[in-house]
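Asks:
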Amino acid sequence: MRSIRSLRERYQLSQSVLASLLNTSISAVQQWESGEKRPGGPSQRLLDILERKGLEAFV
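Per our numbering: the sequence shown = residues 593 to 651.
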């Protein structure tokens with residue numbers, strides 16, 4: 593999987609919008625992007641869907 597930051601930039605999403613899409617906190621997105629933590633469970637699954645199918649999958 594590409595980096596979360598590059599995925600977010602690909603779709604021109606702010607950290608807060610991505611956090612909202614994934615139903616998580618902005619600080620979680622910041623920690624993932626900095627490498628402090630890795631997304632788990634549902635968040636990882638939603639990121640995989642975003643990467644494979646794009647934003648259309650969330651509408």
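Where a beta carbon is used, it is the ideal one built from N, C-alpha and C, also for glycine.
Leaving out five residues before and five after residue 623 in sequence, what residues of the same chain have Cβ atoms less than 8 Å from its Cβ?
Replies: Contacts found: 629.
Asks: At the level of alpha carbons, what is the spacing between residue 600 and residue 634?
Replies: Going from the Cα of residue 600 to the Cα of residue 634 covers about 17 Å.
Asks: Rounded to the nearest angstrom, what separates residue 644 and residue 606 at their Cα positions?
Replies: Using only the alpha carbons, I get a separation of about 19 Å.
Asks: With residue 639 and residue 596 assumed to form a contact (beta carbons below 8 Å), what rounded beta-carbon distance in angstroms separates them?
Replies: Between residue 596 and residue 639 the Cβ distance is about 7 Å, and since that is below 8 Å, they are a contact.
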